[in-house]
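K.L.:
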Amino acid sequence: MAAIIESEFTITAPHASFTPTASSSKSITKPRPVTLIPAGAGYLAHARRTLNQHSFDDEDRIRNEAAARELENLKALDGGEDDLGVGDEAEHPDLLTSDPKRWKDLDLYAVLGLSHLRYKANNDQIKIAHRKKVLKHHPDKKANSGDSNDDAFFKCIQKAHEVLLDKERRRQFDSIDPYYIKMEDAVPTAKDISGAKDPDRAFFKLFGAVFEREAHFCSDFPEDQIPKLGAPTASKKEVESFYDFWYNFDSWRTFEWLDKEINEGSNNRDDKRYTEKKNKNERTRRKKEDNQRLREFVDLALSIDPRIKRIKQEEKEERERKKVGKTKTAAPAKPKTAKEKEEAAQRAKEEADVKAKQDEEDKIARQAEKKARDAAKKAEKRAAKAAAAAGGADTAA
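Residue 101 in the numbering used here sits at position 96 of the sequence shown; the count goes up by one each step and never skips.
1) Quick check: the Cα distance between Tyr279 and Arg290, rounded to an integer number of angstroms?
2) Can you name the start and end residues of the alpha helix (DSSP H) that Cys161 belongs to?
3) Quick check on DSSP: helix, strand or coil for Ser256?
4) Relative to the C-alpha of Pro237, which residue among Gln363, Arg312, Val139 and Ala50 is closest?
5) Do Ser103 and Ala165 have their C-beta atoms closer together than 8 Å?
6) Does the distance from the CB of Asp112 to the CB of Pro183 come in under 8 Å?
7) Nearest-angstrom Cα distance between Tyr48 and Glu261?
8) Thinking just about the alpha-carbon of each residue, which of Lys285, Trp257 and Phe254 is nearest to the one in Glu266?
9) Nearest CA to the CA of Asp99: which residue from Ala115, Asp93, Gly92 and Val91?
10) From the DSSP output, in three-state form, read off Ile198 for me.
11) Ordered along the chain, which non-local residues of its own chain (more than five positions away) have a Cβ less than 7 Å from that of Asp225?
12) Is it buried or exposed for Ala388, if we count other Cβ within 10 angstroms and need 16 for buried?
13) Which first and last residues belong to the alpha helix (DSSP H) in which Asp104 is found?
14) Leaving out five residues on either side along the sequence, give the residues of the same chain with a beta carbon under 6 Å from the beta carbon of Arg274.
15) Have a look at Ala73 and Asp129 and give me their C-alpha separation to the nearest angstrom.
16) Could you check how far apart the C-beta atoms of Gly92 and Leu117 are, in whole angstroms? I think they sit under 8 Å.
17) Decide if the segment 291–302 is in contact with the segment 227–247; the criterion is three or more beta carbon pairs, one per stretch, under 8 Å apart.
18) Going by C-alpha distance, which of Glu301, Thr259, Lys137 and Lys283 is nearest Val215?
19) For the putative contact between Ser180 and Arg258, defined by C-beta atoms under 8 Å, what is the C-beta separation to the nearest angstrom?
20) Which value, in whole angstroms, describes the spacing of the CA atoms of Leu211 and Lys327?
21) Ordered along the chain, which non-local residues of its own chain (more than five positions away) have a Cβ less than 7 Å from that of Arg378?
22) In whole angstroms, give me the CA-to-CA distance for Asp310 and Val168.
23) Would Arg37 be called buried (16 or more neighbouring beta carbons within 10 Å of its own) or exposed?
24) Residues in the same chain with beta-carbon distance under 7 Å from Arg288, minus the five sequence neighbours each way, listed in chain order, please.
25) Give every residue of the same chain whose Cβ lies closer than 7 Å to the Cβ of Ser246, excluding the five residues on either side of it in the sequence, and list them in chain order.
26) Since Tyr248 and Leu299 are thought to touch, with beta carbons under 8 Å apart, how far apart are those beta carbons, to the nearest angstrom?
27) Once you ignore the five residues that flank Ala220 on each side, which residues in its own chain have a CB closer than 6 Å to its CB?
Structure below.
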């Protein structure tokens with residue numbers, strides 16, 4: 006509340022020995038008329054008090070009443086059938102004492118009471134949750150109720166609302182959502198499955214939940230189109246299709262949210278380039294580690310998937326059935342008669358004679374061809390010698 010303090014202070018006359026300092030300028034600027042324009046928040050407040058004949062106390066009362074009306078309007082907007090069941094989560098004491106300067110370390114969904122929805126929360130739910138939190142933690146409401154006028158958590162609420170309604174920044178936060186970061190280490194192991202009362206059921210329950218959680222980060226397909234882990238009776242084609250998808254999984258996680266901030270007010274380009282380069286390298290490293298983490302999890306799932314053992318056993322049994330079937334269905338060779346044997350021998354002899362005759366003809370043809378080539382070569386050599394001799398005679402003449 007504004008207050009006027011009157012100070013009892015009397016200005017006395019200067020001493021008789023006081024000598025004013027001589028002016029350093031040769032001449033004094035002549036006065037000139039200046040038009041003063043009343044403006045600014047202070048003048049408007051003074052004009053409002055003067056016209057309405059209000060005191061400072063009246064101004065404070067009016068301002069508090071306006072804040073109360075604003076909160077009532079928020080309450081009216083947030084009531085009824087449009088609350089969608091969001092924003093009613095109780096805040097953890099540590100969350101209420103959060104430092105707004107370190108807002109990037111906060112769970113923004115928890116700040117707005119959306120922990121049960123997280124990335125599935127739509128914009129309407131975010132807005133409603135924000136209105137509820139503002140209604141509960143507005144600094145003016147705390148001041149009116151006599152509570153400490155600490156607006157630290159209120160600033161966190163405003164920041165969470167700002168980020169989660171920005172599509173790009175929300176995606177960056179979802180990339181490192183602390184809820185899922187904590188769950189990355191809480192994955193089932195082979196020992197958890199083998200030690201379960203029903204290993205097959207435990208495998209599909211525990212591993213299925215992890216695959217569904219990781220499906221949120223798929224960049225190629227919507228979450229509802231990503232193949233599920235399936236059932237124990239899935240076919241070989243379905244199982245192969247599932248693991249082929251996850252071995253070629255492409256995640257949209259970028260880890261930009263964890264970038265180191267460039268110092269505010271720094272105009273050094275070298276510092277900025279160094280920070281940007283370091284951030285890029287860190288993002289690449291985290292991306293590689295995340296891909297490796299997922300690959301190892303898929304390898305583990307494939308190695309203990311009970312369907313793989315079942316499919317291999319079925320294939321083995323099918324091969325054995327085919328082998329037994331061929332043995333049973335193969336007809337025994339019918340013994341040949343003496344006449345059939347004689348006719349077969351005669352045909353074999355005739356085929357051998359024809360083949361021998363053909364080989365002999367081919368041999369004769371090859372020999373004749375070779376002789377022709379040799380004769381041609383000799384004739385060529387004789388012609389070359391005759392030409393050389395004729396050339397030498399002409400030179401001697």
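Don't be surprised by glycine CBs; every beta carbon is placed ideally from N, CA and C.
P.N.:
Taking the coordinates as given:
1) 16 Å
2) Ala157 to Leu169
3) strand
4) Per the Cα distances, Arg312.
5) No.
6) yes
7) 47 Å
8) Lys285
9) Relative to the Cα of Asp99, the nearest Cα in the group Ala115, Asp93, Gly92 and Val91 belongs to Ala115.
10) In the three-state scheme derived from DSSP, where H, G and I count as helix and E and B as strand, Ile198 is classed as helix.
11) Asp255
12) exposed
13) Segment: none, Asp104 is in no alpha helix (DSSP H) and carries neither H nor E.
14) none
15) 24 Å
16) 7 Å
17) no
18) Ranking the options by Cα distance to Val215, first place goes to Glu301.
19) Separation of the CB atoms of Ser180 and Arg258 is rounded to 4 Å, and the pair is thereby assigned contact status at 8 Å.
20) 38 Å
21) So the list is empty, once near-sequence residues are dropped.
22) So the alpha carbons of these two residues sit roughly 41 Å apart.
23) exposed
24) Thr259, Phe260 and Glu261
25) Excluding residues within five positions, the ones whose Cβ falls inside 7 Å are Pro232.
26) Between Leu299 and Tyr248 the Cβ distance is about 13 Å, and since that is not below 8 Å, they are no contact.
27) Only Glu228 and Ile231 meet the Cβ criterion.
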